Amino acid sequence: MLLLPRFDYEEPKDLSEACKILAGLKGNGKIIAGGTDLLVNMKKGLVSPSCLVSIGRIPGLSEIEPQNSSIFIGSNLIVAKLTEFALIRKRYPMLYEAASVLGSPLIRNRATIGGNIVTARPAADLPPPLIAMGAKIKLKNKRGEREIELEKFFKGPGETIIKQDEILTGIILDEPPMFSGGSYIKLGHRKALEIAIVAVASFITLDKPDGIIVDAKVILSSVAPKAIHAVSAEKTLIGEKPTNKLIEKAANLASGDCTPIDDIRGSAEYRCAMVEVLTKRTLTAALKQAKKSR
Amino acid sequence: MKDFSVINKRLPRVDAWSKVTGEARYAADLSMPNMLYAVLFQSPLAHAKILNIDTSAAKKIVGVKDIVTYKEAGTIRYGVSPARYDETMFCYDKVRYVGDEIAAVAAIDFETAMEAASLIKVDYEELPFYLNVFDAIKEGAVPIHDDYPNNIGAEVHQEFGNVEDAFKECDYIRTDRFVNKKQDGGFLEPQACLAYYDMNGNLTLYTSTQTPHYVQRTVSMVLNIPIGKVRVVKPYVGGGFGPKASANTIELAASLLSMRTGRPVKMVMNREQVFMHSRGRHQFYHELTTGVKKDGTIHALKNTCYLDGGAYSSFGIATVYYAGSLLGAPYRLPNMKYDGYRVYTNKPACGAQRGHGGVAARAAWEQQLDIIAGELGIDPIEFRLKNVREKGEVTCNDFNLSSFGMKECLEAIRDRSDWKNKKGKLPKGKGIGVACGFFVSGAGYPIYRSETFHSTAMIKLSEDGGTVELYTAAAEIGQGSDTVLTMMAAEALGVRYEDVKIYSGDTDFGVDLGAYSSRQTLMSGHAVKQAAEDVKRQVLEVLSKRLNIPVEDMDIKDGYIVFKKGPVDFSGIRSYYIKEHRGWAEQPSDDRLTFKEAARIAYIERGTIVSTGAYKPGELGGKYKGATVGTSPAYGCSAQIVEVTVDMETGKVTVDKMTDAHDCGFAINRTNVEGQMQGSLSMGLGEALFEEVKFDEKGRVANPTFGEYRIPTALDMPNVNTIIIESDEPNGPFGAKEVGEGAIMPTIPAILNAIYDAVGVRIDELPVTSERLYNAIKEKERKK
Amino acid sequence: MKRLINLIVNNKAYEIAVAPNRTLTQILREDLNLLGTKEGCGIGDCGACTVILNGRPVNSCLVLAVQANGCNIQTIEGVADGNNLHPIQEAFVEYGAIQCGFCTPGMVLSAKSLLEKNPKPTEMEIREAISGNLCRCTGYQKIVEAIQAASKKMKKK
């Protein structure tokens, strides 16, 4: 049997109380949301915070709120709900795809979108599509709130720019532009309960259904300390008319954009090769969707 | 075929109700008043001398009741095979792998015990350590066990026929190498136990084991308690697959701690400890040379194998034999040579796992045979059909195939999978492959040398005659032995399934070697059948006297007495029974004499009706050295066709379809037989595609979780078309023989052969991860 | 320091004092003696500890008992109605979906949760729904067949 180390537990009723508690803990506390990552690390003895601060009872953090031309997703929303809301499936299919391959149904019923971001795992499923779609996040502390682009949040494995006293309160996703489409593909060993060997999220926007690519995001996951842009692939795509040849060229460039390592799940060489395959597949799927979208 | 009332049907398991409601109790669910909790302290190093063990800080923790090391436990050696007793309860001179047990702490709760264990300090002198076979046997390597200076713990050299001469008669000879990876049992229930040594000097050990009998003997020997004072009880067990088939350290430590403290002591492994304890599948390095004649006749096989055994022998001495002896059997192979070496390394000990010793060898050879068939231009199924043995044949190493439906298995899968329209005709990326399997139905000899019975059984009738109590020490570990033994008892006695209550898995109920080597149905089945037939005889004898009808003119069926020569007036017995049971439930009322009434009469006449049965195999073949490993009263066989899709760009394999035929002799419970087949195939699929216990550079298990050690999920395993072949085994009870292990044999090679059919590459290393296959596909493209 | 929490487990209310580091699995097994909830790995990889928490199946080994305060929990012990098995349980018994039984409680609860949301699932939907519940014994086939049969049986009722 695996035991958890001892810790104190706080359950603030609102955000300002939560911020106050966190500030008082001076870095010795950790926020617990779904706990599917934190509790595992604590049981393995990798972390032992003196206090866990639950955000589970704070109102407003577990909802999806459609706004004018965007949606706000509360950080404590469980991943399963991303797969259940018709709006997500319809408007942000790439996020739906990523959510539905995260862990297992049991994990998805506890793991939260915020947790999947804050833990900053290089192989996390949700950041790639969110970054590809230009998601912003809200961070709050005692003194105020800031809003930053998600891609600027990550520093490396397990490391982010979040301050000791800050809470990730939610994610803001703009409504995708006309003629845009995205796709997320994760390569794992099994079909469930998997951590990606490689994953790619691609998002492209056309000027018109048969037009040129005006914006392209190719996000590579599990091939660098954090999810990264395939910069040269994106450059190659923008301003061009999408063809199979162009996609293949971009895919090939993408594999040069990553800096993977050998680890227990796969070698660097294989990962680079798979970046090419998955980039090609996600771009092809994204393009198909973009041509159809409105 | 005979008309049976209970067996050969699809009856629900006897334990289904308690398992589906959560009532079933497993070892970790047990507790006793005043119980202590104990944990292990294990080595962080792969190979080191122990200089000093300091438990003083740990002892000071409030709530710690006892700490034991080798000083308290002694250093009596134990293991699986007496020829290789190389373990002690705790390490004393040195540690041999990361996880080797050094001490155990008992405290008032787990948390306290864990805290105290973390304060134990050991001074080590580090030694060179070896994480693979070839480093361990290098000149100058430090011996892991002093008795085996070259680190080869066991070696086998066997030759049947004359292989060198035979190769000269062959038209085509090829050599291939193959390697699998160390594999874990992956059972869902971690080992757990609860020991209680009472004031009368009796030790009761409740434990998650496949072999209560062997655990009883080991505990008795190591703790120096008479066997009769040691009772091992197996509660429900959450799977074993081999690794739970011998005594482990927590069983010994909990028993010792209970003896010392006078309190019940519970120990539970966590998942990482399960991986460290291991005793799962060895890593095998096979080199096979096969010679055939141009018409496809298999003529000679030379098999060399190195086994990575880990730090202790466990079942390894049997494994190294099985890796040779089981290989040739399904085919008419006249010449077979085998050289096997089991090597000690500084990793967790390997032991028996489903398909013991034979799985990697079978994968290697069935793939090689596929290559050979291809080279000769013969269809792989035709090639096999040409070579398979049939009932009554004896193999070159003296296995007597008293029943053998190999041909029937092959024909069945061929016809049920549309093989002829698929083989070689599927689009690129899709493939179909075939392979055969073979396994023992119970080891012919116990693991220690003895004339012991392998299984005993006892049946007792309740005083009202209505309930048949079956006592056996057989081990239900999920495979369904309680169910099939209950069914066989009911059939042999002539009562209904629901009239039999089974009590099992307890050494107080008799001797049974346990659940390993696919022996329970055949061996325990014989003992149960014998006991049931004896009860039947006793009841009919009394009835014969009472009614003045010869015994042979009567029978018992479905809970009724059958009078073969027409109606008999039994009204005397009926009114007597009713008078005896005034006010009791379920008085007999129909127009036939019930077994219950007859059994009541028997009780009144003779006292409690009790019978026993006992089984050991008769004379088995083979007089050569090592003939005791592989000879069995019966052999199961199987054939399988697998269809796969390979993603050509990523190398990812999806198994789409499996068609499996298994000759189990006679299916006692058809549902259970299918369940064993499907479960075996799932384990085989995992081993083929995903499963590998990995180690870091320090010798620690790098993936001791189900997240990184991947057993198949429901999305990875397809449905199986399961075909039961019944060849009526003369040495099995009701004609039954094994299904639990042999069924895994063809899966890996069938997948490998299907992959070849799909993409034209041969993989000689397991598991076939997408990366490994991708690299092979690229390699082939480069060579073009 | 211990916290006082309220749980509704199998329709029965409990008030329990718990230390924050105890998981829901521990509370169910050790405090409420509901031993049908199993621990196979302790880190969410196997699903043996599955319970239904406020209508959703979860790994109870990754839920702190204090997090479950005020929640409605169903364990395997709450699935049958007295001596009457739930149709899913009946189907598991009848179709041979059980071998060692260690994954069975979690499997039944994942299946129950699926059929409550999706009474007529496809085979793929069933496999997906139990993909967090590992079974080493059965190869899943008879479990899937049992869930399909239960779905039919429940529809008729």
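Residue numbers (the numbering used here), protein chains in the order written: chain F, 1 to 294; chain W, 295 to 1078; chain Z, 1079 to 1235. C-beta atoms are modelled at their ideal positions from N, C-alpha and C, and glycine is treated no differently. In this text the structure is predicted, and so the values were computed from the model without any measurement.
Exposure label - residue i; buried when at least 16 CB within 10 Å
i: V356/W; result: exposed
i: V1033/W; result: buried
i: A123/F; result: buried
i: T780/W; result: buried
i: K432/W; result: exposed
i: R378/W; result: buried
i: Y909/W; result: buried
i: L87/F; result: exposed
i: E566/W; result: buried
Proximity test, Cβ basis, 8 Å: residue i and chain W
i: R1205/Z; result: yes
i: A273/F; result: yes
i: A111/F; result: no
i: R108/F; result: no
i: C1181/Z; result: yes
i: R190/F; result: yes
CB contact check: residue i to chain F, cutoff 8 Å
i: P1098/Z; result: yes
i: L1142/Z; result: yes
i: P1006/W; result: yes
i: M977/W; result: no
i: N1137/Z; result: yes
i: T1216/Z; result: no
i: Q1145/Z; result: yes
i: T1101/Z; result: yes
i: K823/W; result: no
i: G1001/W; result: yes
i: F569/W; result: no
i: I1121/Z; result: yes
Collapsed DSSP secondary structure at residue i in the structure displayed
i: L220/F; result: strand
i: Y490/W; result: strand
i: A996/W; result: coil
i: Y1092/W; result: Because chain W is modelled from 295 through 1078, residue 1092/W falls outside the range shown and cannot be assessed.
i: L1212/Z; result: coil
i: F960/W; result: coil
i: I300/F; result: Not covered by the structure: residue 300/F. The range shown for chain F is 1 to 294.
i: C730/W; result: strand
i: S1229/Z; result: helix
i: E409/W; result: helix
i: D800/W; result: strand
i: P1183/Z; result: helix
i: Y1173/Z; result: helix
i: P911/W; result: coil
i: R1081/Z; result: strand
Proximity test, Cβ basis, 8 Å: residue i and chain Z
i: T1063/W; result: no
i: D950/W; result: no
i: G808/W; result: no
i: K43/F; result: yes
Quiz item: Quick one: complete beta strand (DSSP E) runs, 3+ long, within the stretch 1093-1161 of chain Z?
Solution: DSSP runs (the beta strand (DSSP E)) wholly in the stretch 1093-1161 of chain Z: 1128-1131, 1134-1137 and 1150-1152.
Quiz item: When the Cβ atoms of the stretch 958-968 of chain W are set against those of the stretch 302-322 of chain W, are three or more pairs found closer than 8 Å?
Solution: Yes, they touch.
Quiz item: Which ranges would you report for the alpha helix (DSSP H) in the stretch 80-141 of chain F if only whole runs of at least 4 residues count?
Solution: Counting only runs of 4 or more, we get 86-91, 93-100, 105-108, 113-118 and 127-132.
Quiz item: Using 8 Å as the threshold, is the stretch 600-613 of chain W in touch with the stretch 679-690 of chain W, meaning 3 or more CB pairs across them?
Solution: Counting C-beta pairs with one atom in each stretch, the stretch 600-613 of chain W and the stretch 679-690 of chain W have fewer than three that are closer than 8 Å, which means they do not touch.
Quiz item: Which parts of the stretch 603-679 of chain W are runs of the alpha helix (DSSP H), unbroken and 4 residues or longer, counting only runs that do not cross its ends?
Solution: Whole alpha helix (DSSP H) segments, 4+ residues: 610-619 and 653-670.
Quiz item: How about the stretch 1057-1069 of chain W and the stretch 969-988 of chain W: do they share at least three Cβ pairs that are nearer than 8 Å?
Solution: Yes, the stretch 1057-1069 of chain W touches the stretch 969-988 of chain W.
Self-check item: At least 3 beta-carbon pairs within less than 8 Å: the stretch 661-669 of chain W vs the stretch 626-635 of chain W
Solution: Output reads no: the stretch 626-635 of chain W does not touch the stretch 661-669 of chain W.
Practice problem: Check whether the stretch 48-56 of chain F touches the stretch 7-19 of chain F, counting contact only when three or more Cβ pairs, one atom from each stretch, lie closer than 8 Å. | Solution: By the Cβ rule, the stretch 48-56 of chain F counts as touching the stretch 7-19 of chain F, because three or more pairs are nearer than 8 Å.
Practice problem: Please specify which runs of the beta strand (DSSP E), each continuous and at least 3 residues long, are wholly inside the stretch 777-859 of chain W, giving them in chain order. | Solution: Qualifying beta strand (DSSP E) stretches, in chain order: 794-797, 848-851 and 854-857.
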